[in-house]
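Report on the structure given below.
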Amino acid sequence: MIRTLCLAPLGLALLLGVTPAAAQASPAQTPPVPFAIPADMQVLFWPAERRERDLRRMPELIPHAPIAPSPTPRPLPAGPALDLDLDAFMQAERVAGLLVIHRGQVRLERYGLGLTPADHWGSFSMTKSLTSTLVGAALSDGTIRSTGDLVTDYLPDLAGGAYDGVTVAQVLTMTSGVRWNEDYTDPASDAAQFYLTPPPADADATVAYLKALPRAYPPGQRWNYNTGETNLIGVLVARATGRPLADYLKDKVWDPAGMESPAFWMLDAQGKESGGCCVSATLRDWGRVGLMALERGTVPGGQIATPGWFEGATAQSVDFPDSDRGYGAQWWTRAEGAQFEASGIFGQMIHVDPARDLVVVFLASWPVATGRARSDARLAVIDRIKAEL
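Per our numbering, the very first residue in the sequence shown carries number 3; after that it's consecutive.
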């Protein structure tokens, strides 16, 4: 196991890099570069009241690529209702949606903050797990040969920097060894400067920025949370498949998994989907994402990637000292990989417990991006749910 000596803050990269003109553009338009981040679109610093109001409106506020619903929606039948009083928890933790699916049946479905079953909610880093799944799909298609390949095999314009000698697997597990600072309290951090640095002409913004980064450690030795690398995975998948990520997600996940509602994927300033962030979808469709992972991609519409892909991606590749958490390929793990999660800032989570045939989804607008006490309160609710099954 890779032991983590210094963990980067678990802040999800969402400083929305669009110009005021780009905020009015349709997804088909490419906003101009260079670009600047309008202060009123820096979601991390929104007042709590605005975040609670606007996380369901993100596709209206900035450009997103639409993803149409599946022609064959997957039913989610009702099961015996769980008798849990969660009103105080939902109010205190600013929960917009809570969904429990046990043995394929909905046992609990609650909404708050004015969210309805038809509304979408921004996912932040839960999107990373979808981007990982697209790597698995590309491997199954043969457009990506192996995660043991070098990233520069697929992105030759990345060659000549710290990513020389780094494998696709090391980027997926965030163990590339390339220096990256995800601290959003620091305006000089990479997470902030990434969106403030205009790319050279005719260059991909993600590739150009990451190519200029220095190496901190040899590849494979250290884990460091890095949203830029998930954006890089998105660029790699788009290059390898020759398709925009939203289109590929539609064909490889949204249709076969039976999503009943449209979704929307945030576009960057160059009009490309941000692999590390920001698919907006309904609570129930996030539940279907959890079912897809629980079932190892064997969904009603066919096989997504391969069962072996999901086994590997949700296994614990990195363990953290003094913590029950670990990391796989863009999935968080618990109990040494026996359970796993897609997770995003402000309280978003899909918790999957295969042994219990259980998926629990939280959509929320925490007043802070991350917090141990809030994470513990959420875990306590998961434990209460499991005790009632």
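By construction, the Cβ of each residue, glycine as well, lies at the ideal position given by its N, Cα and C atoms. Predicted model only: the values in this text are computed from it and were never measured.
Original post:
Taking N233 as the reference, which of A214, A248, C279 and D155 has the closest Cα?
Top reply: In the sequence shown, counting from the first residue as 1, residue 233 sits at position 231. It is C279 whose Cα lies nearest to the Cα of N233.
**OP:** Taking 8 angstroms as the threshold, find out whether the region 316-327 comes into contact with the region 44-58 through three or more Cβ pairs.
**Re:** Not touching, per the Cβ criterion.
Original post:
CB of G236 to nearest heavy atom of the ligand ATP: below 7 angstroms?
Top reply: Within the structure as shown, the ligand ATP is missing, as the structure has no ligands at all.
**OP:** Could you check what DSSP says for S345 in three-state terms: helix, strand or coil?
**Re:** Taking the sequence shown and counting its residues from 1, one reaches residue 345 at position 343. It is a strand residue.
Original post:
Is DSSP giving A24 helix, strand or coil here?
Top reply: On the sequence shown, residue 24 is found 22 positions in, with the first residue counted as 1. Per-residue confidence for A24 stands at a pLDDT of 30, beneath the threshold of 50, marking its modelled position as unreliable; no derived number is given.
Original post:
Buried or exposed: which applies to V361, given that a residue is buried once 16 or more other Cβ atoms fall within 10 Å of its Cβ?
Top reply: Along the sequence shown, read from residue 1 onward, the residue named residue 361 stands at position 359. Answer is buried; the Cβ neighbour count reaches 16.
Original post:
DSSP state of Q332, grouped into three classes?
Top reply: By 1-based counting over the sequence shown, the position of residue 332 is 330. Q332 falls in the coil class under three-state DSSP.
**OP:** Could you have a look at Q350 and say whether DSSP puts it in helix, strand or coil?
**Re:** Taking the sequence shown and counting its residues from 1, one reaches residue 350 at position 348. In this structure, DSSP gives Q350 an extended state, which the three-state scheme calls strand.
Original post:
In its own chain, which residues sit with a C-beta less than 8 angstroms from the C-beta of E390, not counting the 5 before and 5 after it?
Top reply: Translated into positions along the sequence shown, residue 390 becomes position 388. If we look at E390 and ignore the five residues flanking it on each side, its Cβ neighbours are L84, D85 and L86.
**OP:** Please say whether S282 and G114 have beta carbons closer to each other than 8 angstroms?
**Re:** Position 112 of the sequence shown, counted from the first residue, corresponds to residue 114. Position 280 of the sequence shown, counted from the first residue, corresponds to residue 282. Cβ atoms of G114 and S282: not closer than 8 angstroms.
Subject >> Length-filtered (3 minimum) beta strand (DSSP E) runs lying within the region 43-73 >> reply: 66-69
**OP:** Could you tell me which residues DSSP puts in a beta bridge with R327?
**Re:** Position 325 of the sequence shown, counted from the start, is the residue given in the question as residue 327. R327 is bridged to R336.
Subject >> Distance CB(R286)-CB(L101) smaller than 8 angstroms >> reply: Counting from 1 along the sequence shown, the entry for residue 286 is found at position 284. Counting from 1 along the sequence shown, the entry for residue 101 is found at position 99. A contact, by the Cβ cut-off of 8 angstroms.
Original post:
Can you tell me the Cα-Cα spacing of S276 and P309, whole angstroms?
Top reply: Here the question's residue 276 lines up with position 274 in the sequence shown. Here the question's residue 309 lines up with position 307 in the sequence shown. So the alpha carbons of these two residues sit roughly 26 angstroms apart.
Original post:
Rounded to a whole number of angstroms, what is the C-alpha to C-alpha distance between T154 and Q195?
Top reply: The count along the sequence shown starts at 1 and reaches residue 154 at position 152. The count along the sequence shown starts at 1 and reaches residue 195 at position 193. For the pair T154 and Q195, the Cα-to-Cα distance works out to about 23 angstroms.
Original post:
Excluding sequence positions up to five away, which residues of its chain have a Cβ less than 6 angstroms from the Cβ of T145?
Top reply: Locating residue 145 in the sequence shown gives position 143, counting from the first residue. Excluding residues within five positions, the ones whose Cβ falls inside 6 angstroms are A242 and T243.
Original post:
Quick one: is V370 buried, meaning 16 or more other Cβ sit within 10 Å of its Cβ, or exposed?
Top reply: Translated into positions along the sequence shown, residue 370 becomes position 368. V370 should be labelled exposed.
**OP:** From the DSSP output, in three-state form, read off Y250 for me.
**Re:** Position 248 of the sequence shown, counted from the start, is the residue given in the question as residue 250. Three-state DSSP puts Y250 in a helix.
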